[in-house]
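**Q** Have a look at this one.
Residue numbers (my numbering): 13 to 290.
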């Protein structure tokens, strides 16, 4: 499979979401929240003064933003209203967010200063519709992308430092339990992820400069190689069969926003469509 160029000139694209006919993403280096159509036309939706920052869409279409230690909900006027404060669980910057079909949010933090800090395990927490925060999981090794399966009964987390995708059963109350390895991935460092309709997961890999499809039994079932680090991927497009890839030259975290705009949005056609919102 080959990928075509959709857009370029980004600093560092992360957290892609296909919504309302466009790819939405965070450009960490430029501190911009963008929406890009399939022709590569970009619109800046907001400026976010944080690194990292990520977002997802609630079932009613509102955007939930994770920036610093705060979860906010986007208002109709384009501003953001604070929804939850995560500082009591960790004062370190929080990394990724995903919404379920009930409007519950799951968020994670790596749990240490990056770069330069000594490694510490990270956390996963949930945020209810009323803003209540609950610790869901500890001892995760640099948590990155998260995705929920089509049935809404499983959350998969990319543990970049453990070279593993980890699955949690989602209980009727949204609590995470029954933790297990979805796939052991020696030699890979999974980052952003996306489910497809067959229950397989696409994951992006920065040092490997690739995106890889792995089935629920851990089998590698597809791979797309590019010429720079892959930070995240998302299935979307009109039929759900376009894998959007966010890629950039990686010169270390200290270089984010200080080097040339090497970030790109790439797209590749794949056989299995997106699983859809649970």
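In this text, a Cβ means the ideal position worked out from N, Cα and C, and glycines have one as well.
Using a 10 Å radius around the Cβ and a threshold of 16 neighbouring Cβ atoms, would you call residue 147 buried or exposed?
**A** Under this definition residue 147 is an exposed residue.
**Q** For residue 274, I'd like the list of residues in its chain whose CB is within less than 7 Å of its CB, leaving aside the five on either flank, ordered along the chain.
**A** These residues qualify, in order along the chain: 240, 260 and 261.
**Q** Could you check if residue 212 is buried or exposed, using at least 16 other CB atoms within 10 Å of its CB as the buried criterion?
**A** Classification for residue 212: buried.
**Q** Which one of 68, 252 and 276 has the shortest CA to CA distance from residue 288?
**A** If we check each option's Cα against that of residue 288, 252 comes out closest.
**Q** Which residue spans inside the stretch 195 to 273 form an unbroken beta strand (DSSP E) run of at least 3?
**A** With a minimum length of 3 residues, the continuous beta strand (DSSP E) runs that stay inside the stretch 195 to 273 are 202 to 207, 213 to 217, 222 to 226, 232 to 237, 241 to 248 and 254 to 260.
**Q** If you pair each beta-carbon of the stretch 79 to 99 with each one of the stretch 148 to 168, do three or more pairs fall below 8 Å?
**A** No, the stretch 79 to 99 does not touch the stretch 148 to 168.
**Q** Is it right to say residue 184 is buried, meaning 16 or more other beta carbons lie within 10 angstroms of its own, or is it exposed?
**A** The residue is exposed, with fewer than 16 neighbouring Cβ atoms inside 10 Å.
**Q** Counting only the same chain and skipping the five closest in sequence on each side, list residues whose C-beta sits under 8 Å from that of residue 198.
**A** So the list reads 175, once near-sequence residues are dropped.
**Q** Using C-beta distances below 8 Å, list every residue in its chain close to residue 72, excluding the 5 sequence neighbours before and after it, in chain order.
**A** Once the five neighbours on either side are set aside, the close Cβ partners of residue 72 are 115.
**Q** Please report the straight-line C-alpha distance between residue 141 and residue 236, rounded to a whole angstrom.
**A** Going from the Cα of residue 141 to the Cα of residue 236 covers about 37 Å.
**Q** Can at least three beta-carbon pairs, one atom from the stretch 276 to 285 and one from the stretch 59 to 79, be found at a separation below 8 Å?
**A** No, the stretch 276 to 285 is not in contact with the stretch 59 to 79.
**Q** Considering only residues of the same chain and omitting the five flanking positions on each side of residue 55, which have a CB-CB separation below 6 Å?
**A** Hits under 6 Å: 47.
**Q** Label residue 232 either buried or exposed according to how many other C-beta atoms from any shown protein chain fall within 10 Å of its C-beta, with 16 as the threshold for buried.
**A** Residue 232 should be labelled exposed.
**Q** In this structure, how does DSSP classify residue 175 when only helix, strand and coil are distinguished?
**A** Three-state result, residue 175: coil.
**Q** Considering just the uninterrupted stretch of the beta strand (DSSP E) at residue 281, what are its terminal residues?
**A** Unbroken beta strand (DSSP E) run through residue 281: 275 to 281.
**Q** Which one or two residues does DSSP pair with residue 80 in a beta bridge?
**A** Residue 80 pairs with nothing; no bridge assigned.
**Q** Look at the alpha carbon of residue 222 and the alpha carbon of residue 13, and state the distance between them as a whole number of angstroms.
**A** For residue 222 and residue 13, the distance between alpha carbons rounds to 11 Å.
**Q** Residue 204 and residue 144: beta carbons closer than 7 Å?
**A** Cβ distance not < 7 Å, so residue 204 and residue 144 don't count as in contact.
**Q** Suppose you measure from the CA of residue 149 to the CA of residue 171; what does that come to, to the nearest Å?
**A** If I take the Cα positions, the gap works out to 13 Å.
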